[in-house]
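In the numbering used here, the protein residues as written are 13 to 547. Quick reminder that beta carbons are idealized off the backbone N, C-alpha and C, glycines included. Keep in mind that this is a model prediction, so the values were computed, not measured.
The structure is reproduced here in structure tokens:
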């Protein structure tokens, strides 16, 4: 059942007419072509949703059955679902899914945006009741109905109470479904998430490579693609982007193709030459350029260092590089091998050793090799003086990493936030212990499918809580030693490979006389040498 819309061209008597159940409607002729804007906004269906294969089936079961066949629930003696909460990172298509459901079911669609007042909420439910079957969609639910114990204004509390009252007031046979979307489900008032209100929750997560391919095909179906464009390969490389990111990527790709043709276009002419228009075709170079300019929207609020460090930038440490490749790179690139042997790949590793031995550079390099996003967190940055905020910061960091998968999450100075519990002198409130407990909880909740690898770095492994280092957490310990003579020579070559070096410079001798220097010390030596040369 879908709604069929009519455009009234004549009424008798004219010009006004009251439509009642016994009104006779005559129609003839061909269907009128609708305006493009109206058609684009209302023609969204399940076929226009890519990247989520399970969720539409769940939504059909929870929305279409109660709206179309309420007798099924009456016959079995249960109440149909009343509210559905869609949660997930921004840009994953939560609003699009709600519109598609409304169009596919032919239900009246009423949108409530953030900032609505109590009276507007009441009007929305009244209108939905008049036009049933109807779907009420509340976008950004966390801004309308935050936890009442954390709000300081009376207005916010009244709006939450009004929403609870309205949802409880829905009749069993009202044929109204309330859908809501949020990217912060834990910020919503708990009373809304119980049975009879938003009692069904659906996770709209980051699409995998197959999902990215579906979304790319949807957004490029009207594009003219060159023969060298391989969408399957692009989908693999864009793993971690959400639907909105991929839509932006396709738009930027098309704009880049137009920029390349600007020399052939005379902007003074009213019409562009047909030959120029026919020559427009998106190439793989256009896509590569657009990909270099885009990053996951999940990382917009996170300080992300673009990982462009390669193994060549790190001199020496060949054994460490090989071990890291086996631990991280193989797990990302060959997960089927681990499944074949019934193994779970390691989820974390701890770098320990003297300061200045390239622990951070190693983490960046492995992220670059795996084509993964890189989030770097300085331990002390996560700590605040406010009760509960440090744990919330840890939760947010892990949520961002999960949303940006594949991702390498790097904790520098891990010993500052993960000291052994019970030994923190002066920690009367137990804040440090709570932070460690939160880290342990997040690590245990990091499923293998999330494709997030955790790396910690410290100069003091002896003071880190033992629970952090047990299997399934940071279970691999890698010692990063001071470089030996061969490694020191490799570090000098790496640092000076872009600098003009005189023929009388003997790097082998310099490596021999710099015993005890760390990688950072050797880099500083090279920088000072360049400064003296410039003088």
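In this structure the region 61-73 does not touch the region 363-379; the number of beta carbon pairs closer than 8 Å is below three. When the beta-carbon positions are compared, residue 497 and residue 527 come within less than 9 Å of each other.
Nearest C-alpha to residue 360 among 469, 180, 136 and 261: 469. The beta carbon of residue 366 sits closer than 7 Å to the beta carbons of 471, 494 and 530 from its chain, once the five residues preceding and following it are set aside; these are given in chain order. Among the bridge pairs identified by DSSP, residue 146 is matched with 120 and 188. Scanning 371, 358 and 154 for the CA closest to the CA of residue 328 turns up 371. Scanning 245, 210, 489 and 276 for the CA closest to the CA of residue 177 turns up 210. Distance between residue 85 and residue 163, taken at the CA atoms: about 38 Å. In the three-state scheme derived from DSSP, where H, G and I count as helix and E and B as strand, residue 384 is classed as coil. If you look at residue 470, you'll find it in the beta strand (DSSP E) that goes 464-470. Leaving aside the five residues that flank residue 545 on each side, none in its chain has a CB nearer than 7 Å to its CB.
Beta-bridge partners assigned by DSSP to residue 215: 99. Per DSSP, the continuous alpha helix (DSSP H) segment holding residue 71 begins and ends at 66-71. According to DSSP, residue 363 shares a beta bridge with 469 and 490. DSSP, read as helix, strand or coil, puts residue 410 in helix. For residue 78, the three-state secondary structure derived from DSSP is helix. In this structure, DSSP gives residue 477 a state outside helix and strand, which the three-state scheme calls coil. Straight through space, the alpha carbons of residue 533 and residue 516 are spaced by roughly 22 Å. By the neighbour-count criterion, in which 16 or more other beta carbons inside 10 Å mark a residue as buried, residue 483 falls on the exposed side. Excluding five sequence positions before and after residue 70, the CB atoms of its chain that fall closer than 7 Å to its own CB belong to 214, given in chain order. Of 355, 464, 297 and 510, the smallest CA-CA separation from residue 419 is found for 464. Here residue 193 carries a strand assignment [DSSP, helix/strand/coil]. Scanning its chain for C-beta atoms nearer than 6 Å, with the 5 sequence neighbours on each side dropped, one finds around residue 369 the residues 492, 530 and 531, in chain order.
Exclusion of the five residues before and after residue 148 leaves 122, 124, 136, 137, 140, 188, 189, 190 and 191 as the residues of its chain whose Cβ lies within less than 8 Å of its Cβ. Minimum Cα-Cα distance from residue 170 among the listed residues 201, 197, 194 and 151 corresponds to 201. Sequence-distant Cβ neighbours of residue 336 in its own chain, meaning closer than 6 Å and more than five residues away, are 378. In this model, residue 353 and residue 237 are separated by some 41 Å (Cα to Cα).
Taking a C-beta distance under 9 Å as the contact criterion, residue 193 and residue 133 do not qualify as a contact pair. In the structure shown, the three-state DSSP call for residue 237 is strand. Beta bridge pairing from DSSP links residue 423 with 389 and 468. By the Cβ criterion, the region 247-262 is not in contact with the region 270-279, since fewer than three pairs of Cβ atoms, one from each stretch, lie closer than 8 Å. Between residue 326 and residue 503, the CB-CB gap stays under 9 Å.
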